[in-house]
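K.L.:
Those protein sequence lines, which keep their order, are chains A and B.
To get the numbering used here, take the position in the first sequence, counting from 1, and add 299.
To get the numbering used here, take the position in the second sequence, counting from 1, and add 215.
Ideal Cβ positions, reconstructed from N, Cα and C, are used throughout, including at glycine.
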Amino acid sequence: MDWAVFATIAVPAGTAGLLMAIPSRHRDVVRYVALMSGSSLFILSLIIFGKYQFDDGGYAFELQLDWLGNVAFLGEKGITYHLAVDGIAAPLVLLTGIVIFAGVFMSWNIEYRNKDFFILLFLMVGGVYGVFESVDLFFLFFFYELAVLPMYLLIAVWGSSTDFGTFVRTKEYGAMKLVLYLVAGSVLIFIAIFATFVEAGQGSFDLPVLGSVTYGENFQKTFFPFFMLGFGVLAGLWPFHTWSPDGHVAAPTAVSMLHAGVLMKLGAFGILRVGMSLFPEGAAFWAPVLMTLGVTGALYGAISAMAQRDLKYMVGYSSVSHMGYVLMGLATMNEIGINGAVLQMFAHGVMTALMFAMVGAIYDQAHARDMTIFGGLSRNMPRHASYWAVAGLSSLGLPGLAGFVAEFHIFVGTFQADYIWAGALGILAAAITATYILRMLAFAFFGPFNERWASLKEMRIGEQFGGAVLIFFIAFMGMWPMPFVDRIAATVSRLPGIT
Amino acid sequence: MGMDDAWLLPAVPAAAFAALLLFGKYLPRKGDWLAIGAIAASFALFIPVLADLLDEVGREGFAGVVSGTDWVEFDTFNLRLGFMVDQLAIVMLAVVTFVSTLIEIYSVGYMKGDPRYGWFFTAMTLFVTAMITLVLADNLLLLYVAWEGVGFCSYLLIGFWHERRSAAEAAKKAFITTRIGDVGLLIGIILLWREAGTFSIREIIEFAQDGGYSAEYLTTAVLFVFAGAVGKSAQFPLHVWLPDAMEGPTPVSALIHAATMVVAGVYLVARMMPLFVVADPVALDVVTAIGLTTVMLSATMAIVATDIKRVVAYSTMNSLGLMMVALGAHSVTAALFYLFVHGFFKALLFMGAGSVIHGTERQEVWELGGLARKMPLTALAFAVGTLAMIGIFPFSGFWAKDEIVNVAADELAWIVVAFLVFSIFLTAVYMTRLYLLVFTGRPRDDHAHEHAHEAPPVMSLPVLVLAALAVIAGFWAFDQVGRALGFPGGIGEFVFLDEAQEFAFPVVAAISSSLAAVGGMAFAYALWFGEAEQARQLGERFRPLYKLWKNRYYFDDAYQWAINNLVLVGGNVIAWFDRNVVNDTGVDGSAGLAVFSGFQMKFSQTGRLPNYALAIVMGVIILAIVFLAVRV
Numbered sequence: 300m301d302w303a304v305f306a307t308i309a310v311p312a313g314t315a316g317l318l319m320a321i322p323s324r325h326r327d328v329v330r331y332v333a334l335m336s337g338s339s340l341f342i343l344s345l346i347i348f349g350k351y352q353f354d355d356g357g358y359a360f361e362l363q364l365d366w367l368g369n370v371a372f373l374g375e376k377g378i379t380y381h382l383a384v385d386g387i388a389a390p391l392v393l394l395t396g397i398v399i400f401a402g403v404f405m406s407w408n409i410e411y412r413n414k415d416f417f418i419l420l421f422l423m424v425g426g427v428y429g430v431f432e433s434v435d436l437f438f439l440f441f442f443y444e445l446a447v448l449p450m451y452l453l454i455a456v457w458g459s460s461t462d463f464g465t466f467v468r469t470k471e472y473g474a475m476k477l478v479l480y481l482v483a484g485s486v487l488i489f490i491a492i493f494a495t496f497v498e499a500g501q502g503s504f505d506l507p508v509l510g511s512v513t514y515g516e517n518f519q520k521t522f523f524p525f526f527m528l529g530f531g532v533l534a535g536l537w538p539f540h541t542w543s544p545d546g547h548v549a550a551p552t553a554v555s556m557l558h559a560g561v562l563m564k565l566g567a568f569g570i571l572r573v574g575m576s577l578f579p580e581g582a583a584f585w586a587p588v589l590m591t592l593g594v595t596g597a598l599y600g601a602i603s604a605m606a607q608r609d610l611k612y613m614v615g616y617s618s619v620s621h622m623g624y625v626l627m628g629l630a631t632m633n634e635i636g637i638n639g640a641v642l643q644m645f646a647h648g649v650m651t652a653l654m655f656a657m658v659g660a661i662y663d664q665a666h667a668r669d670m671t672i673f674g675g676l677s678r679n680m681p682r683h684a685s686y687w688a689v690a691g692l693s694s695l696g697l698p699g700l701a702g703f704v705a706e707f708h709i710f711v712g713t714f715q716a717d718y719i720w721a722g723a724l725g726i727l728a729a730a731i732t733a734t735y736i737l738r739m740l741a742f743a744f745f746g747p748f749n750e751r752w753a754s755l756k757e758m759r760i761g762e763q764f765g766g767a768v769l770i771f772f773i774a775f776m777g778m779w780p781m782p783f784v785d786r787i788a789a790t791v792s793r794l795p796g797i798t
Numbered sequence: 216m217g218m219d220d221a222w223l224l225p226a227v228p229a230a231a232f233a234a235l236l237l238f239g240k241y242l243p244r245k246g247d248w249l250a251i252g253a254i255a256a257s258f259a260l261f262i263p264v265l266a267d268l269l270d271e272v273g274r275e276g277f278a279g280v281v282s283g284t285d286w287v288e289f290d291t292f293n294l295r296l297g298f299m300v301d302q303l304a305i306v307m308l309a310v311v312t313f314v315s316t317l318i319e320i321y322s323v324g325y326m327k328g329d330p331r332y333g334w335f336f337t338a339m340t341l342f343v344t345a346m347i348t349l350v351l352a353d354n355l356l357l358l359y360v361a362w363e364g365v366g367f368c369s370y371l372l373i374g375f376w377h378e379r380r381s382a383a384e385a386a387k388k389a390f391i392t393t394r395i396g397d398v399g400l401l402i403g404i405i406l407l408w409r410e411a412g413t414f415s416i417r418e419i420i421e422f423a424q425d426g427g428y429s430a431e432y433l434t435t436a437v438l439f440v441f442a443g444a445v446g447k448s449a450q451f452p453l454h455v456w457l458p459d460a461m462e463g464p465t466p467v468s469a470l471i472h473a474a475t476m477v478v479a480g481v482y483l484v485a486r487m488m489p490l491f492v493v494a495d496p497v498a499l500d501v502v503t504a505i506g507l508t509t510v511m512l513s514a515t516m517a518i519v520a521t522d523i524k525r526v527v528a529y530s531t532m533n534s535l536g537l538m539m540v541a542l543g544a545h546s547v548t549a550a551l552f553y554l555f556v557h558g559f560f561k562a563l564l565f566m567g568a569g570s571v572i573h574g575t576e577r578q579e580v581w582e583l584g585g586l587a588r589k590m591p592l593t594a595l596a597f598a599v600g601t602l603a604m605i606g607i608f609p610f611s612g613f614w615a616k617d618e619i620v621n622v623a624a625d626e627l628a629w630i631v632v633a634f635l636v637f638s639i640f641l642t643a644v645y646m647t648r649l650y651l652l653v654f655t656g657r658p659r660d661d662h663a664h665e666h667a668h669e670a671p672p673v674m675s676l677p678v679l680v681l682a683a684l685a686v687i688a689g690f691w692a693f694d695q696v697g698r699a700l701g702f703p704g705g706i707g708e709f710v711f712l713d714e715a716q717e718f719a720f721p722v723v724a725a726i727s728s729s730l731a732a733v734g735g736m737a738f739a740y741a742l743w744f745g746e747a748e749q750a751r752q753l754g755e756r757f758r759p760l761y762k763l764w765k766n767r768y769y770f771d772d773a774y775q776w777a778i779n780n781l782v783l784v785g786g787n788v789i790a791w792f793d794r795n796v797v798n799d800t801g802v803d804g805s806a807g808l809a810v811f812s813g814f815q816m817k818f819s820q821t822g823r824l825p826n827y828a829l830a831i832v833m834g835v836i837i838l839a840i841v842f843l844a845v846r847v
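#1: If you draw a straight line from the alpha carbon of B:PHE709 to that of B:HIS573, how long is it in whole angstroms?
#2: Quick check: what's the CA-CA separation for A:TYR803 versus A:ILE736?
#3: Exposed or buried, which one is B:GLN716 when buried takes at least 16 other CB atoms within 10 Å?
#4: Give the straight-line distance between the Cα atoms of B:ALA549 and B:GLN749, rounded to the nearest whole angstrom.
#5: Based on the DSSP output, what are the partners of B:MET476 in its beta bridges?
#6: Does DSSP put A:GLU498 in a helix, in a strand, or in coil?
#7: B:LEU730 lies in the alpha helix (DSSP H); which residues open and close that run?
#8: Confirm, please, whether the CB-CB distance from A:ALA553 to A:MET405 is below 7 Å.
#9: Closest by CA to B:GLY656, which one among B:GLU319, B:PHE792, B:TRP581, B:ALA449?
#10: Using a Cβ-Cβ cut-off of 7 Å, state whether B:ASP353 counts as contacting chain A.
#11: So, for A:MET657: in the same chain, excluding its five sequence neighbours on each side, which residues have a beta-carbon less than 6 Å away from its beta-carbon?
#12: Cβ of B:PHE292 less than 7 Å from any chain A Cβ?
#13: Here's the rule I'm using: 16 or more other beta-carbon atoms within 10 Å means buried, otherwise exposed. How should A:MET319 be labelled?
#14: Check this for me: beta carbons of B:LEU488 and B:VAL540, under 7 Å apart or not?
#15: Please check if any C-beta of chain A sits within less than 7 Å of the C-beta of B:HIS454.
#16: Any C-beta of chain B within less than 9 Å: which residues of the stretch 499-525 of chain A qualify?
#17: Whose CA, out of A:ILE797, A:PHE744, A:GLN763, lies closest to the CA of B:ARG379?
#18: Which residues, in chain order, does the stretch 762-781 of chain A contribute to contact with chain B at a C-beta distance below 8 Å?
#19: Please list the residues of the stretch 691-711 of chain A that have a C-beta atom closer than 9 Å to any C-beta atom in chain B, keeping them in chain order.
#20: Does the pairing of the stretch 658-671 of chain A with the stretch 712-729 of chain A give three or more beta-carbon distances under 8 Å?
#21: How many whole angstroms separate the CB atoms of A:ASN638 and A:ALA716, which I take to be in contact at a CB cut-off of 8 Å?
#22: Grouping DSSP H, G and I as helix and E and B as strand, with all else coil, what is A:ALA401?
#23: Would B:ALA830 be called buried (16 or more neighbouring beta carbons within 10 Å of its own) or exposed?
#24: For B:PHE298, is the classification buried or exposed, using 16 other Cβ atoms within 10 angstroms of its Cβ as the cut-off for buried?
#25: Anything in chain B within Cβ reach of A:ALA741, meaning under 9 Å, just list it in chain order.
#26: Quick test of your reading: B:LEU592 and B:SER675, contact by CB under 8 Å. State the CB separation rounded to the nearest angstrom.
#27: What residues in the stretch 610-637 of chain A have a beta carbon less than 7 Å from any beta carbon of chain B?
#28: Please state whether DSSP places A:ASN633 in a helix, a strand or coil.
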């Protein structure tokens, strides 16, 4: 099964290549190729997640191909195409598979240049898998960029602009801001990678090699913030989060799903995999800052979401809020909290993907997203309403759904790390989440039926299926979290500097 | 089948819920039989558990039986699906399973013909499942899970008729208000865990009794836990959701008020009572103060309320406050005894009210009247419930309420007792008023009166069963009755904190409370019997007081004001800040700065050789100066 990890990158890359060869007039062929590819990625991800042996929490499915070595400053194994999956990456690989699979269903009705759309989408997915699976910093960085850049075209071409009455947030603006922001973050990452490379003096970019070196305390303290901020931008770190609501709102449905569901996790994953595992002392030094920014984001995102009338902006700000929890979990520097952070990455991934999918499903029909102009929609769209409810209840932390398991770990970890104030504020933010979720449900789906929307019908069957897949995982993790916890805990307990 | 198998009690209705959720639509009668059967099975399973407990309970050092399995586990951290059966849990289970069964049977009649009939039973089943789990949980995490589950089900059911804006709003209000309390509960739970390293209730209590927590820390933690109880049990200042919760169908109100949900808070405090005892006394003083405030607020608001269900809802708040006062006097026995009998007569009152609403399609008392002749069974049952609620000898409420007055007299300040006795007077006033206005006098709405009919047997039978229990349940106070039923003695010998509580019956307390009750009834009779002219005049004379009560002490208005002017405005301020300061100034500003500096810099690229030559010369001169300065 060692080829499975390789395949998760080869399949999307191959799909992109194959799609290029298909004449664009064959729209249905394009769709079915995308569906085939999405399904196989889903299955591959399930296999990787299921087959990962979590006894010792080490790397599995390892593959190392020499790429560049013995030249100039590089040692013998200078840059290698080194792929592997550990207990932290395994759930995130699964998450990627789930979201792209559901995303294909949500993109079924795209008519405008759907071939180009899927080419870019699958390039991006390949990049995402690459980041989760790369153990070589050079390739990790390469895939990181690959995951970010197609976003520009996807948003600018297939996105939508939002008219606020007094001003307009155009899709071009959203795309530009998102990409520039993330590229600015990757400049910091780039600097830190080279600094680490030079400091380690091993002539290699391989993470296990770099991790075997002990870095000076001052060096760690200096360069951990580069990773923290660089990756943090993509994780929606407050106050560098504003690309996220505008970008997600402007993006087409499947792209919002992937971006909020999976790409934001790349940031948190990067902080954990690169920053915290290489520089434990630096992380310990900066943890209070990360905790403060994380809890600020959680609270601030929730309050901002409460003031939104646009469904998609509400979901966008709720992502900022939930990613704040992830950063809080990382900042605890203890096993419970970091477990919670990884659990939250998965939980937030599926539930936010579901929310964006539902926004898309209603926007396709109504061409409106203002929750206050709807009313009583559950009469004609009961299933749509209940999908919203499941996603919303998970995000407000209802036990039995994924969000609770994750948030509970994060809160416990936060208290254990003596950030009692932060934990208390985090719990308060979860209560605020309840207000904006229930407010949205009351506005859009309950109350007297608004005849203006009498023409709205239940979601397409494909959308229902895609949503059901996401709901399955929300409920699965909420009720039986052990498959996730086993894998995550095995690896987290091996991380240096974790209490 | 014994106490080890107690997990079956929630598991059976949970399985029924799953079946109903997935296949309910395809079942005959939309699966109502499955829902009722599951809850009834839960009650049936309760009986062998009880029998097993009664075998064990006499044994030295018996403190309940724990069973269960791990849910999440790694290294030193574990979360359990653990169940514990002890006397406290048993009393709760008796109320929850039995009353829920009756309410579900009653619902068959009440909800007949509703378009979401099946969904109603599905949600009710989940509600009961969550409540049974809550009662059986041996650890705080599972308790919290079930606690939230109860809150969620109340959201579903209060908002059952969500096409009505008021129902959707009431559901939202209930969920969010209780959720505010839950913030405190979760903080409290994690604070307790932080020092003890376990979520197990028993281990936390042992840890506390061994002095593991410092007094201030423990007091803070238990007060946070109590915040959860305040929300769930509708105590001041989080009581505002309960009167609105009657927007749900009446069986839901009965379930919320009698068997599930609101008593969860009382149960929680009773369960954690050993912690309150170890903590600073101020913790229990807070419980007493909050409970007493709730009693007085609700008893006065009920006097002017005109919706039949709303009056009964206030009477629940009143009762819950009494239980909290009992707990404030650290008497688990008195609180649980009241909770036990309250379950029966409160369900009875709500189901009676439901029969009235079902028969007349009215619920404003000023549109009702003279129903005793049309609905004699309901009137009789409602009268029993009323007398039990007032606490007239020998109805069950009498014994339970007297027990609370007793323990309050023993443990608390005389002023508390005085207020309690006064509240008994008020209770008698508003309950008698309600009965008089609904069942006696002249029919005020002829159409409703003509329309009125007795409820079908499927509704009236459960009501009669409850009426019988509302009369006799209080006799469990006596040792002889308890022993005859197989218990070691009266309830005081069965549920207690540290040592069995003798059933005390001081005549002074009984007489003063009875006098207050009878006085209240007489007072109400004088005011409201017939045309209620005197009551109207009294209302005119004390206009400000009337308005204060009528407007519910302006709590709802104040909260609404705070939401509109603080919370929502705050949200808008943050959103504005995010858009204009963080984004447009911070982000676009730095982008603008880059564009602007690029624009300005381009003018230095003149393309003329003299400019470049000048720049080179200037550069050399500056470097030379710097160089010299550093040298010197």
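P.N.:
Considering the structure as presented:
#1: On the second sequence, residue 709 of chain B is found 494 positions in, with the first residue counted as 1. On the second sequence, residue 573 of chain B is found 358 positions in, with the first residue counted as 1. Their Cα atoms are separated by approximately 39 Å.
#2: Since the first and last residues shown for chain A are 300 and 798, residue 803 of chain A lies out of range.
#3: Start at 1 with the first residue of the second sequence, and residue 716 of chain B comes out as number 501. When all chains shown are included, B:GLN716 counts as buried.
#4: The sequence position of residue 549 of chain B within the second sequence is 334, counting from 1. The sequence position of residue 749 of chain B within the second sequence is 534, counting from 1. Distance between the alpha carbons of B:ALA549 and B:GLN749: 38 Å.
#5: Walking along the second sequence from the start, residue 476 of chain B turns up at place 261. Bridge partners of B:MET476: none, in fact.
#6: On the first sequence, position 199 is the one that residue 498 of chain A refers to. Three-state DSSP puts A:GLU498 in a helix.
#7: Residue 730 of chain B sits at position 515 when you count from the first residue of the second sequence. Start and end: 722-743.
#8: Here the question's residue 405 of chain A lines up with position 106 in the first sequence. Here the question's residue 553 of chain A lines up with position 254 in the first sequence. Yes. Within cutoff.
#9: For this step, residue 656 of chain B is matched to residue 441 along the second sequence. Among B:GLU319, B:PHE792, B:TRP581, B:ALA449, the Cα nearest to that of B:GLY656 is on B:TRP581.
#10: What you label residue 353 of chain B is simply residue 138 of the second sequence in a count that begins at 1. False, the Cβ-Cβ gap to chain A never drops below 7 Å.
#11: Residue 657 of chain A sits at position 358 when you count from the first residue of the first sequence. Around A:MET657: TYR686, TRP687.
#12: To locate residue 292 of chain B, count along the second sequence from 1; it is residue 77. Chain A, which has a Cβ nearer than 7 Å to the Cβ of B:PHE292, makes this yes.
#13: What you label residue 319 of chain A is simply residue 20 of the first sequence in a count that begins at 1. So A:MET319 ends up on the exposed side.
#14: Counting from 1 along the second sequence, the entry for residue 488 of chain B is found at position 273. Counting from 1 along the second sequence, the entry for residue 540 of chain B is found at position 325. Checking the sequence, you will find Met at residue 488 of chain B rather than Leu. Not in contact: B:MET488 and B:VAL540 (Cβ atoms no closer than 7 Å).
#15: Numbered from 1 along the second sequence, position 239 holds the residue referred to as residue 454 of chain B. Not an interface residue.
#16: none
#17: The sequence position of residue 379 of chain B within the second sequence is 164, counting from 1. Considering only alpha carbons, the answer is A:PHE744.
#18: PRO780, MET781
#19: LEU692, LEU695, GLY696, LEU697, PRO698, GLY699, PHE703, VAL704, PHE707, HIS708, PHE710, VAL711
#20: no
#21: Numbered from its first residue, the first sequence carries residue 638 of chain A at position 339. Numbered from its first residue, the first sequence carries residue 716 of chain A at position 417. A:ASN638 to A:ALA716, Cβ: 13 Å. No contact.
#22: Within the first sequence, numbered from 1, the residue matching residue 401 of chain A stands at position 102. The answer is helix: DSSP assigns A:ALA401 an H, G or I state.
#23: Residue 830 of chain B sits at position 615 when you count from the first residue of the second sequence. Counting Cβ neighbours within 10 Å, B:ALA830 comes out exposed, since fewer than 16 surround it.
#24: Residue numbering aside, residue 298 of chain B sits at position 83 when the second sequence is read from its first letter. B:PHE298 should be labelled buried.
#25: The sequence position of residue 741 of chain A within the first sequence is 442, counting from 1. Ordered by position in chain B, the residues that pass the 9 Å Cβ test against A:ALA741 are GLY374, HIS377, ARG380, ALA383, GLU384, ALA386, LYS387.
#26: In the second sequence, counting from the first residue as 1, residue 592 of chain B sits at position 377. In the second sequence, counting from the first residue as 1, residue 675 of chain B sits at position 460. B:LEU592 to B:SER675, Cβ: 5 Å. Contact.
#27: GLU634, ILE635
#28: Your numbering for residue 633 of chain A matches position 334 in the first sequence. Three-state DSSP puts A:ASN633 in coil, outside helix and strand.
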